[in-house]
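I have placed the structure first, in the form of structure tokens, so that the comments after it can refer back to it.
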Amino acid sequence: MARPLSTIFKSSKPHILKPPKSNNLNVSSSSNPSESSGNESELLTSPASNSTKCNNNSKKCDKTRCLWCVYLILSTNPPIKTYIGVTTNFSRRLKEHNGELKGGAKASRSGRPWICACLIRGFKDRSEACAFESKWKHISRKLPRKRKTTEEQEQKPEDNGSSALLQHKHAALDRVQSLIDCSDLNIDWRSNFF
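At position 142 of the sequence shown the residue is numbered 142 (UniProt numbering), and the sequence of numbers has no breaks.
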């Protein structure tokens, strides 16, 4: 008879038998996560969204259940820049960009601190959000910029160029909306420039 290695070698951990996984796909109706059936087919959202469940098999995703969002942030230090990104947790991501948490993009280090200019929610998955982000960036790069005349610069000396930059991003977003069906998206411009 073979003996477990834990009896021969005392330094190894004792062998614990795990119960076999059941193939039952019934979802527990309990609201307590510890009493849940533990199915891997259930997707729980981030803690910020009050643990709403999103069915992965559904064709359309309800706005309150969608995790992915595209954001536009604006630097507050000169030179004024913008950054467009994708995330599931915007507050954490903004802290990363501002250097409060580890992470963040290299491109956003020089513009700290950053503020939120626009937040777009309602994407059903990461690929849809990334496609929207890519389209917005592409159109923004290709869209011609308005040049300021000396008269316009004299009228608004306190403006550091952020309003013109945001108007350019807004025009690019309008162009994206004309190309892609954005009826399920919630677009929230958080700056007071519009």
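Each residue gets a CB set at the ideal place from its N, CA and C atoms; glycine is no exception. Values in this document were obtained by computation on a predicted structure and should not be read as measured data.
Counting only the same chain and skipping the five closest in sequence on each side, list residues whose C-beta sits under 6 Å from that of residue i.
i	result
I187	I120
Y83	I73 and S108
R126	W68
R175	I139
W189	C118
G103	E96
R93	T87
D184	G122
For the alpha helix (DSSP H) that residue i lies in, which residues bound it at each end?
i	result
L179	S162 to L179
C130	R126 to K142
So residue i packs on residue j, CB below 8 Å; how close in whole Å?
i	j	result
C116	T87	Going by Cβ atoms, the distance from C116 to T87 rounds to 12 Å, so no, they are not a contact pair.
K168	R145	A small fix is needed here, since residue 168 is His in this sequence, not Lys. Confirmed, about 6 Å.
A172	W136	6 Å
Can you give me the start and stop residues for the beta strand (DSSP E) that residue i sits inside?
i	result
L72	W68 to S75
D184	Careful: D184 lies outside any beta strand (DSSP E) and carries neither H nor E.
T88	Element bounds for T88: n/a, residue is neither H nor E.
Note down, in chain order, each residue of its chain lying with its Cβ closer than 8 Å to the Cβ of residue i, except the 5 sequence neighbours on either side.
i	result
A129	W68, C69, V70, V86 and F123
E133	V70, I84, G85 and V86
L143	H168, A171, A172 and R175
L101	R92 and K95
I180	F132 and K135
Between residue i and the rest of its own chain, which residues show a CB-CB distance below 7 Å, the 5 nearest in sequence each way excluded?
i	result
S46	Bear in mind that a pLDDT of 35 at S46, under 50, signals an unreliable position, so the number given afterwards is only what the model happens to contain. So the list reads L67, T88 and N89, once near-sequence residues are dropped.
N98	R112, P113 and W114
L165	I80 and T82
N160	P78 and I80
N32	For N32, the predicted structure reports a pLDDT of 41, less than 50, and the residue's modelled location is therefore unreliable. A value from the coordinates is still provided. Around N32: no qualifying Cβ.
Hey, which unbroken runs of the beta strand (DSSP E) at 3 residues or more fall wholly within the region 94-125? 114-123
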